[in-house]
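Numbering (my numbering), first residue to last: 30 to 143.
Even for Gly, the Cβ is constructed at its ideal location relative to N, Cα and C.
In this text the structure is predicted, and so the values were computed from the model without any measurement.
What follows is a short report on a single structure.
Okay, structure coming up:
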């Protein structure tokens with residue numbers, strides 16, 4: 030006797046497809062969480078004092094002393110101007126750079142540089 034169930038039901042019975050769907054849902058949930066928590070990390074006044082190229086200086090606050098990995102990741106979005114404890118000062122940061130930095134889970138806050 031032939032299996033009369035729909036192709037979608039037969040595909041869903043395959044373990045591989047179920048695993049792929051679960052992984053996809055987890056990745057999408059993680060990306061949504063990053064976007065939601067990123068919105069609260071950027072302080073008021075970030076980007077108000079721009080240079081001639083439209084870039085600005087920010088202080089990135091971490092919950093720990095930055096290590097080499099963190100400095101290298103921060104350099105992708107601006108030039109390191111120095112560190113002070115758990116804070117790294119970045120120059121020449123763009124709006125897109127601030128958005129990308131805010132999505133990093135290990136960054137606590139982004140504030141205008143003093």
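Going by C-alpha to C-alpha distance, which of the options sits closest to residue i?
i: residue 142; options: 53, 135, 91, 86; result: 86
i: residue 134; options: 103, 120, 74, 122; result: 103
i: residue 93; options: 84, 49, 114, 78; result: 114
i: residue 98; options: 38, 53, 136, 50; result: 136
i: residue 124; options: 91, 76, 38; result: 76
Does the beta-carbon distance from residue i to residue j come in below 8 Å?
i: residue 127; j: residue 139; result: yes
i: residue 67; j: residue 131; result: yes
i: residue 84; j: residue 34; result: no
i: residue 106; j: residue 129; result: yes
Using DSSP with H/G/I as helix, E/B as strand and the rest coil, what is residue i?
i: residue 96; result: coil
i: residue 127; result: helix
i: residue 117; result: strand
i: residue 38; result: helix
i: residue 140; result: strand
i: residue 75; result: coil
On the criterion of 16 or more Cβ atoms from any shown chain inside 10 Å, does residue i qualify as buried, or is it exposed?
i: residue 89; result: buried
i: residue 70; result: buried
i: residue 55; result: exposed
i: residue 119; result: buried
i: residue 91; result: buried
i: residue 95; result: buried
Give me, in chain order, the residues of the same chain whose beta-carbon lies closer than 6 Å to that of residue i; leave out the 5 immediate sequence neighbours on both sides.
i: residue 46; result: 40
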